[in-house]
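Here the sequence shown is numbered in UniProt numbering, starting from 1 and rising by one per residue.
Quick reminder that beta carbons are idealized off the backbone N, C-alpha and C, glycines included.
Computed from a predicted structure; not experimentally measured.
Encoded as structure tokens, the structure appears first; notes follow it.
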Amino acid sequence: MKNADLNVLGHLAPDDFKYARDMIIQMVLATDMAKHFEDVALFKTNILSAALDEGAVLVKNIGDKKLLLKMILHTCDVSNPAKERETMLRWTDRVVEEFFVQGDMEKHLGLPVSPFMDRDTIVLKKMQVGFADFIVSPLFSVWAQILVNVNSSAYRMLLANREFWASLSEDFKPHMIKDVIRELGVRQKRDTLAQSTIAEEPISPRSRRSVTNMLLGTDDG
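Written out as structure tokens, the structure reads:
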């Protein structure tokens with residue numbers, strides 16, 4: 001904002017500029033995980049309670065407005081476990097590698113390695129299940145009571161991805177994520193090819209049942 005050519009707030013009056021700047025700072029600070037549990041508790045008390053009270057005003061004052069905006073941004077920040085499977089895995093791979101690079105630097109400098117950042121000791125399954133159970137799921141469960149589409153889509157994907165991680169062996173290593181992504185890509189291409197074959201080639205109802213059964217792994221003949 002010191003560069004006049006880049007300062008998108010430069011046209012604002014001093015009071016409006018101060019308000020906007022303060023709001024931006026608070027939104028950035030809202031991504032600090034140290035405030036997660038405190039903010040989720042406030043979210044339940046101030047916003048969810050109003051949402052469940054038919055006829056109540058969801059946002060009653062500027063404090064509630066800031067809280068709602070903060071929780072929207074924070075939810076986006078931790079939402080990876082609620083994304084479509086392949087997208088979730090790709091970002092998990094990137095984030096975990098970023099953690100490990102920090103852990104490597106801490107080791108190099110003789111510093112204590114931060115939690116979840118030691119590539120030699122991390123158990124990825126426990127890390128991801130714990131993140132889903134203690135951080136993301138409680139937050140999304142609040143949103144699911146406020147927004148119907150969260151309950152029907154993102155929250156269900158979160159639960160499905162949580163079960164995916166829980167189903168893996170504790171020996172599953174971070175570098176294996178890329179193998180899972182490749183396998184998902186192969187499956188998607190195979191399914192797309194099969195669907196295009198069904199759509200483009202006129203076949204009898206009997207043949208259609210046979211192809212469908214084959215794709216589902218239930219074809220007897």
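Applying the criterion that 16 or more other CB atoms from any shown protein chain within 10 Å of the CB defines a buried residue, is residue i buried or exposed?
{"i": "ARG162", "result": "buried"}
{"i": "GLY55", "result": "exposed"}
{"i": "MET117", "result": "buried"}
{"i": "LEU109", "result": "exposed"}
{"i": "residue 253", "result": "Because the chain spans 1 through 221 in this model, residue 253 falls outside it and cannot be assessed."}
{"i": "VAL57", "result": "exposed"}
{"i": "ALA144", "result": "buried"}
{"i": "VAL28", "result": "exposed"}
{"i": "VAL101", "result": "exposed"}
{"i": "ASP134", "result": "Sequence inspection shows Phe at residue 134; the Asp mentioned does not correspond to that position. Exposed, because fewer than 16 other Cβ atoms sit within 10 Å of the Cβ of PHE134."}
{"i": "GLY130", "result": "exposed"}
{"i": "GLN128", "result": "buried"}
{"i": "GLY63", "result": "exposed"}
Rounded to the nearest angstrom, what separates residue i and residue j at their Cα positions?
{"i": "VAL148", "j": "ALA154", "result": "10 Å"}
{"i": "THR45", "j": "ALA30", "result": "17 Å"}
{"i": "ILE24", "j": "TRP165", "result": "35 Å"}
{"i": "GLN26", "j": "VAL142", "result": "21 Å"}
{"i": "PRO115", "j": "MET157", "result": "26 Å"}
{"i": "residue 239", "j": "ARG21", "result": "Here the chain covers residues 1 to 221 and nothing more, so residue 239 does not appear."}
{"i": "GLU98", "j": "ASP53", "result": "43 Å"}
{"i": "THR75", "j": "ARG119", "result": "27 Å"}
{"i": "ASP171", "j": "MET33", "result": "28 Å"}
When the Cα of residue i is compared with those of the options, which residue comes out closest?
{"i": "SER169", "options": "VAL123, PRO112, LEU42 and ASP22", "result": "VAL123"}
{"i": "LEU184", "options": "LYS70, GLU84 and HIS36", "result": "GLU84"}
{"i": "HIS36", "options": "LEU52, LEU67 and PHE172", "result": "LEU67"}
{"i": "SER79", "options": "ALA132, ILE47, ARG182 and THR192", "result": "ALA132"}
{"i": "PRO81", "options": "VAL113, LYS125 and PRO112", "result": "LYS125"}
{"i": "TRP91", "options": "LYS178, GLY10 and THR192", "result": "LYS178"}
Identify the continuous alpha helix (DSSP H) that holds residue i and give its terminal residues.
{"i": "ASP15", "result": "14-29"}
{"i": "VAL8", "result": "Per DSSP, VAL8 belongs to no alpha helix (DSSP H) and is neither H nor E."}
{"i": "MET71", "result": "62-77"}
{"i": "ASN161", "result": "155-167"}
{"i": "HIS108", "result": "85-108"}
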